[in-house]
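Asks: Here the sequence shown is numbered in the numbering used here, starting from 132 and rising by one per residue.
Input: one structure, supplied below.
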Amino acid sequence: MIIQHCPRCGKESLAPTGAYWKCTVCRMAITSQAWARDTRHQTVSRPLTQSK
Numbered sequence: 132m133i134i135q136h137c138p139r140c141g142k143e144s145l146a147p148t149g150a151y152w153k154c155t156v157c158r159m160a161i162t163s164q165a166w167a168r169d170t171r172h173q174t175v176s177r178p179l180t181q182s183k
């Protein structure tokens with residue numbers, strides 16, 4: 132099973148469940164299509180969370 136870092140909580144807990152990716156920690160869900168687009172453009176876009 133493929134597990135990724137969750138963009139919301141930062142834990143390595145985002146797993147595919149078919150048409151969606153779901154975080155087992157914070158319960159965030161994102162469609163596979165949106166996740167593929169976000170990860171493809173991740174190097175060009177600014178981070179989802181800002182460091183202090």
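Glycine residues also receive a C-beta, built at the ideal position from the N, C-alpha and C atoms.
Starting from the C-beta of P147, find all residues in its chain whose C-beta is less than 7 Å away, skip the five residues before and the five after it, and write them out in chain order.
Replies: Taken in chain order, the residues that qualify are I133, S163.
Asks: Helix, strand or coil for T148? Go by DSSP, reduced to three states.
Replies: Judged by DSSP in its simplified three-state form, T148 adopts coil rather than helix or strand.
Asks: Could you work out which residue in W152, R139, R158 is closest to A165 when comparing CA atoms only?
Replies: W152
Asks: If we ignore side chains and look at the alpha-carbon of each, how far apart do H136 and G149 end up?
Replies: 17 Å
Asks: So the beta strand (DSSP E) T162 belongs to, where does it begin and stop?
Replies: 160 to 162
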